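Novice: Please read through the structure below; I'll follow up with questions.
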Amino acid sequence: MTEALVPHFSILLVDDEPAWLRSVSLTLARAGINNILTASDSREVPEILSRGQVRLVLLDLTMPHLPGEALLTMISEQHPEILTIVVSGMNQIETAVRCMRLGAFDYFVKTVEEDRLVTGVLRAIRMLELERENQAISDRILSNQLRHPEAFVNIVTADRTMLGIFGYIEAVAVSRQPLLITGESGVGKELVARAVHTLSGASGPLVAVNVAGLDDTVFADTLFGHVRGAYTGAEQARRGMIEEATDGTLFLDEIGDLSIPSQVKLLRLLQEGEYFPLGSDRPKRLKARVIVATHRDLKAKEEQGAFRRDLFYRLRTHQILLPPLRERPGDIPLLLDYFLAEAAESLGKKKPTPPKELAQLLATYSFPGNIRELRAMVYDAVSVHRERILSLDTFIKAIGPAKEQPPPAAAQDHNLFSGLERLPTFGEAADLLVTEALARSGGNQTIAARLLGISQPALSKRLSARG
Ligand SMILES: Nc1ncnc2c1ncn2[C@@H]1O[C@H](COP(=O)(O)OP(=O)(O)OP(=O)(O)O)[C@@H](O)[C@H]1O
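Everything in the sequence shown is counted per numbering that gives the first Met the number 0, starting at 0 for the first residue and increasing by one.
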């Protein structure tokens, strides 16, 4: 199998000393960077750059023929899309300042530790990747069309926000940067992580780890693995989940519950792209895309000091916020139909017909457990179901008595009465509302009362008063 090229563009190393070219190539390869070209004759550089593959150049300054500063000027003028890192033998502040003025992205002295050079290269790669991804995101938003709708077949929705999120997912799926998925419990975060993984085209698996409740040592052991004898009881070496996810996706769920020491470990992993299995002093490379999810408000946690700011900023490079089910009521009938078919098939029954008032009833409920809760309700109803038409009873029981709910967004923005010349009286308005609620609920008073946000006895009293 041919190894994937990292990053997706080429990095060109330019120096007249072949030994330096070899040594830097090896250092970068150890950091997982293998898409490298080299040039020991600076006169070759313009032709190599004209092929359009190179986005980052590591440039020596003192070279025969075309000197480094002349090349730097040429690159800044003719290839503004390319970043140049100068790696010079000269430790002179004036030279460094001049190079930065000529457009260098960074400046390193050759004697500097290799680690610092690698960090500089990783920073440049990250910046170029983000630039490309931002471009992809705006292209997607403008084109407003999905390229791979098949990746979303398991995510039932017709909601505009959700469809917009699908477009965003297509744009960021191939990124190597972390992705943060937030949203209430049961809203579909793991389902979305799976769609991202499918679209990433990664050859490895998706490995999901729920990190809630893991103490720091268990967290490190689970993710990083250990060598034999790392601690009492570690009789066998164990691969960590990061290694299990090689060439695939590591999905860390409930990230908002991670302890501070584990947050530090995760940040280091993301920044340096490497980790140490417990008991080992040989680093391993992170070769998986990291997706994290939480139902918690990470911003609020960060403000309270319970979540590290640097990690929060690192994680939210790409972010998806999934809306709760109550904010997409149009999805309720679709999901109902989908889960009825799914439940009937798994329970070996014929798909029941839902009473037409059911979707109305469900729209009055706030679904704190979101889609998972709706799914469980439907499975429950189908399992006790005998007739052709599904009974409303299990649903009415599950959602409990009506509670005050915020008015629908449309009613908040626009007062329905504002266009009327004569305002109806309270009594008239209430009568009209009751009539409409009864029509929508097919005459079912329980549902009508829920739609009106009043108790059933209160509705019944009002109806008898009407005569
Ligand atoms: N749009 C959808 N279409 C079909 N099924 C869905 C949809 N969204 C969620 N589900 C289903 O609802 C259940 C909960 O989804 P999922 O586990 O992805 O939620 P979550 O946000 O990750 O939950 P938690 O915060 O508890 O981890 C799963 O069975 C999933 O398949």
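Think of the CB as a built atom: it goes at the ideal place given N, C-alpha and C, for glycine as much as any other residue.
Note that the structure is a prediction, hence the values are computed from the model and not measured.
(1) Alpha carbons only, please: which of A229, F338, P204, Q359 is nearest the one belonging to I290?
(2) Along the chain, where does the alpha helix (DSSP H) containing L25 start, and where does it finish?
(3) Would you report the Cα separation of Q444 and Q262, rounded to the nearest angstrom?
(4) Which residue or residues does DSSP assign as beta-bridge partners of L12?
(5) Is R295 near ligand 1, judged by its Cβ being under 7 angstroms from some heavy atom?
(6) Any chance you could list the beta strand (DSSP E) runs of at least 3 consecutive residues sitting entirely within the segment 85 to 168, in chain order?
(7) Given this structure, state the Cα-to-Cα distance separating V383 from F394, to the nearest angstrom.
(8) Tell me which residues share the same chain as A28 and place their Cβ nearer than 6 angstroms to its Cβ, disregarding the 5 neighbours each side in the sequence.
(9) When you compare the segment 223 to 242 with the segment 290 to 300, are there three or more beta-carbon pairs, one atom per stretch, that lie closer than 8 angstroms?
(10) Is DSSP giving F250 helix, strand or coil here?
(11) From M0 to A375, what distance separates their C-alpha atoms?
(12) Considering only their Cβ atoms, is the gap separating L11 from L56 smaller than 8 angstroms?
(13) Please report how far the alpha carbon of R371 lies from the alpha carbon of S463, in whole angstroms.
(14) How many Å lie between I81 and R54 at the Cα?
(15) Since T61 and L71 should fall inside the 8 angstroms C-beta cutoff, what is the C-beta to C-beta distance between them, to a whole number of angstroms?
(16) In whole angstroms, what is the alpha-carbon distance linking V23 and H147?
(17) Which residues does DSSP pair with I74 in a beta bridge?
(18) Give the C-beta separation of A219 and L277 to the nearest angstrom, bearing in mind that I take them to be a contact with Cβ-Cβ under 8 angstroms.
(19) Would you say D252 touches ligand 1, meaning its beta carbon is less than 7 angstroms from a heavy atom?
(20) Classify R374 as helix, strand or coil using the three-state DSSP reduction.
(21) How should T231 be labelled, buried or exposed, when 16 other C-beta atoms within 10 angstroms of its C-beta is the threshold for buried?
(22) Given this structure, state the Cα-to-Cα distance separating I446 from Q359, to the nearest angstrom.
(23) Put G67 into one of helix, strand or coil per three-state DSSP.
(24) Going by DSSP, name the residue or residues bridged to R284.
(25) In this structure, does DSSP put L415 in helix, strand or coil?
(26) Under the assumption that D379 contacts V155 (Cβ atoms under 8 angstroms), give the Cβ distance between them as a whole number of angstroms.
(27) Indicate, with yes or no, if ligand 1 has a heavy atom lying under 7 angstroms from the CB of Y337.
(28) Who are the Cβ neighbours of I164 in its own chain at under 8 angstroms, not counting the five residues just before and after it?
(29) For a test of your reading of the model: does the CB of G182 fall under 7 angstroms from any non-hydrogen atom of ligand 1? Yes or no.
(30) Have a look at G182 and M73 and give me their C-alpha separation to the nearest angstrom.
(31) Which of the three DSSP states is assigned to M0 in this structure?
(32) Alpha carbon to alpha carbon, how far is L222 from A292?
(33) Need the endpoints of the beta strand (DSSP E) that A207 sits in, please.
(34) How would you write the range of the beta strand (DSSP E) that Q318 sits in, first residue to last?
(35) Given a cut-off of 8 angstroms, decide if S87 and D105 are closer than it, judged by their beta-carbon atoms.
(36) With respect to the beta strand (DSSP E) encompassing L178, which residues constitute its N-terminal and C-terminal limits?
Specialist: Reading from the atomic positions:
(1) Here residue 290 refers to the residue found at position 291 when the sequence shown is read from its first residue. Looking at the Cα atoms, P204 is the closest of the given residues.
(2) Locating residue 25 in the sequence shown gives position 26, where the first residue counts as 1. Run containing L25: 17 to 29, per the alpha helix (DSSP H) assignment.
(3) Within the sequence shown, the letter at position 445 stands for residue 444. Within the sequence shown, the letter at position 263 stands for residue 262. One C-alpha to the other measures close to 52 angstroms.
(4) Position 13 of the sequence shown, counting from 1, holds the residue named residue 12. Bridge partners of L12: T37, L57.
(5) Within the sequence shown, the letter at position 296 stands for residue 295. For ligand 1, not one heavy atom lies less than 7 angstroms from the Cβ of R295.
(6) Taken in chain order, the complete beta strand (DSSP E) segments of 3 or more residues contained in the segment 85 to 168 are 105 to 108.
(7) Locating residue 383 in the sequence shown gives position 384, where the first residue counts as 1. Locating residue 394 in the sequence shown gives position 395, where the first residue counts as 1. Computed Cα separation, rounded: 12 angstroms.
(8) To locate residue 28, count along the sequence shown from 1; it is residue 29. Taking C-beta separations shorter than 6 angstroms and ignoring five residues to either side along the sequence, A28 has no partners in its chain.
(9) Touching, no, given that fewer than three Cβ pairs across the two stretches are closer than 8 angstroms.
(10) The residue given as residue 250 occupies position 251 in the sequence shown. Three-state result, F250: strand.
(11) Counted from its first residue, the sequence shown places residue 0 at position 1. Counted from its first residue, the sequence shown places residue 375 at position 376. Here the model assigns M0 a pLDDT of 47, short of 50, so the residue's position is not dependable, and the following value carries that caveat. Rounded to the nearest angstrom, the two C-alpha atoms are 44 angstroms apart.
(12) Translated into the one-based positions of the sequence shown, residue 56 becomes position 57. Translated into the one-based positions of the sequence shown, residue 11 becomes position 12. Correcting the residue type first, residue 56 is Val in the shown sequence and not Leu. Result yes, Cβ atoms of V56 and L11 sit closer than 8 angstroms.
(13) Along the sequence shown, one-based indexing puts residue 371 at 372. Along the sequence shown, one-based indexing puts residue 463 at 464. Roughly 39 angstroms between the two C-alpha positions.
(14) Counting from 1 along the sequence shown, the entry for residue 81 is found at position 82. Counting from 1 along the sequence shown, the entry for residue 54 is found at position 55. Their backbone Cα atoms lie some 4 angstroms apart in a straight line.
(15) Numbered from 1 along the sequence shown, position 62 holds the residue referred to as residue 61. Numbered from 1 along the sequence shown, position 72 holds the residue referred to as residue 71. About 13 angstroms separates the two Cβ atoms, so there is no contact after all.
(16) On the sequence shown, residue 23 is found 24 positions in, with the first residue counted as 1. On the sequence shown, residue 147 is found 148 positions in, with the first residue counted as 1. Roughly 39 angstroms separates the two Cα atoms.
(17) Within the sequence shown, residue 74 is the residue found at index 75, counting from 1. For I74, which the question treats as bridged, DSSP gives no partner whatsoever.
(18) Reading the sequence shown from its first residue, position 220 is the one you call residue 219. Reading the sequence shown from its first residue, position 278 is the one you call residue 277. Distance from A219 to L277 at the Cβ level is roughly 6 angstroms; contact confirmed, criterion being Cβ atoms closer than 8 angstroms.
(19) In the sequence shown, counting from the first residue as 1, residue 252 sits at position 253. Yes; taking the cut-off as 7 angstroms, the Cβ of D252 has a heavy atom of ligand 1 nearer than that.
(20) In the sequence shown, the residue the question calls residue 374 occupies position 375. DSSP, reduced to helix, strand and coil, places R374 within a helical segment of the structure shown.
(21) What you label residue 231 is simply residue 232 of the sequence shown in a count that begins at 1. Classification for T231: exposed.
(22) For this step, residue 446 is matched to residue 447 along the sequence shown. For this step, residue 359 is matched to residue 360 along the sequence shown. So the alpha carbons of these two residues sit roughly 8 angstroms apart.
(23) Within the sequence shown, the letter at position 68 stands for residue 67. Residue state, collapsed to three classes: helix.
(24) In the sequence shown, counting from the first residue as 1, residue 284 sits at position 285. E273.
(25) In the sequence shown, residue 415 corresponds to position 416, counting from 1. Coil.
(26) Numbered from its first residue, the sequence shown carries residue 379 at position 380. Numbered from its first residue, the sequence shown carries residue 155 at position 156. About 19 angstroms separates the two Cβ atoms, so there is no contact after all.
(27) As a working note, residue 337 is residue 338 in the sequence shown. Yes, ligand 1 has a heavy atom inside 7 angstroms of this Cβ.
(28) Reading the sequence shown from its first residue, position 165 is the one you call residue 164. The answer, listed in chain order, is V191, I319, L321.
(29) Counting from one through the sequence shown, the residue named residue 182 turns up at place 183. Indeed, a heavy atom of ligand 1 lies less than 7 angstroms from the Cβ.
(30) For the purposes of this step, residue 182 is taken as residue 183 along the sequence shown, with counting starting at 1. For the purposes of this step, residue 73 is taken as residue 74 along the sequence shown, with counting starting at 1. Rounded to the nearest angstrom, the two C-alpha atoms are 48 angstroms apart.
(31) Within the sequence shown, residue 0 is the residue found at index 1, counting from 1. Because M0 carries a pLDDT of 47, less than 50, the predicted location of this residue cannot be relied on, and the following value inherits that uncertainty. Coil at M0, not helix or strand.
(32) For the purposes of this step, residue 222 is taken as residue 223 along the sequence shown, with counting starting at 1. For the purposes of this step, residue 292 is taken as residue 293 along the sequence shown, with counting starting at 1. Roughly 16 angstroms separates the two Cα atoms.
(33) Numbered from its first residue, the sequence shown carries residue 207 at position 208. Its beta strand (DSSP E) spans residues 205 to 209.
(34) Residue mapping note: residue 318 aligns to position 319 of the sequence shown, counting from 1. Annotation for Q318: the continuous beta strand (DSSP E) segment containing it runs 317 to 320.
(35) For the purposes of this step, residue 105 is identified with residue 106 of the sequence shown, where counting begins at 1. For the purposes of this step, residue 87 is identified with residue 88 of the sequence shown, where counting begins at 1. In this structure, S87 does not lie closer than 8 angstroms to D105 by Cβ.
(36) Residue 178 sits at position 179 when you count from the first residue of the sequence shown. Counting along the chain, the beta strand (DSSP E) containing L178 begins and ends at 178 to 181.
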